[in-house]
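When the letters of the sequence shown are read in order and numbered with the numbering used here, they come out as residues 4 to 115. Just below is one structure, and these are the notes that go with it.
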Amino acid sequence: MMNGYSVFNAPIGYRYDKVGKHGKLLVPDQPCASVIAEGLEGFASGRFETQIELMRFFEASPHYPKDRFGTVHMQRIKEILGRVLYAGYLDKPDWGIHLVKGHHEALVSYET
């Protein structure tokens, strides 16, 4: 993580792939990555006014992974909204890592 590489399991919307000199790198896992980007941008712009509306948007998408009952849990929404990884950064304060620019492709801008 120190050098801009994630060492954890790939979050929803990403997968690991071999990329040139980087070795294994997080890359957008389409079409799910586009759904997450649209959801994050929609939440930031006010298109989705609440986390519940965002959850319903993800539940309605055939490309967003759901549990075995076909639902998306609020905890997952909170995790997605709180992850700077989707903006291309890594953050792990308990390791002394604060907003390090990652080598992976961002799904949304940091401003979003």
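Glycine is no exception: its CB is placed at the ideal position from the N, C-alpha and C atoms. Keep in mind the model is a prediction, meaning the values are calculated, not measured.
Under 7 Å, do residue i and residue j count as touching if we go by C-beta distance?
i, j, result
"Ile39", "Leu84", "no"
"Phe51", "Leu57", "yes"
"Lys69", "Val75", "yes"
"Tyr108", "Pro31", "The identity of residue 108 in the sequence shown is Glu, whereas the question assumes Tyr. Their beta carbons are under 7 Å apart, which means Glu108 touches Pro31 by this criterion."
"Ala36", "Gly16", "yes"
"Ala29", "Val22", "It should be noted that the sequence gives Leu, not Ala, for residue 29. Cβ atoms of Leu29 and Val22: not closer than 7 Å."
"Gly73", "Gly91", "no"
"Leu93", "Val103", "yes"
Let me check one thing: in DSSP terms, what residues is residue i bridge-paired to?
i, result
"Lys104", "Tyr92"
Since residue i contacts residue j with CB under 8 Å, what's their CB separation in whole angstroms?
i, j, result
"Arg86", "Pro34", "Actually they do not touch by this definition, with Cβ atoms about 19 Å apart."
"Gly131", "Phe61", "The requested residue 131 does not occur in the structure, where the chain is confined to residues 4 to 115."
Which runs of the beta strand (DSSP E) spanning at least 3 residues fall entirely within the region 6 to 87, listed in chain order? As summarised for the region 6 to 87, the continuous beta strand (DSSP E) elements at least 3 residues long and confined to that stretch are 17 to 22 and 26 to 31, given in chain order.
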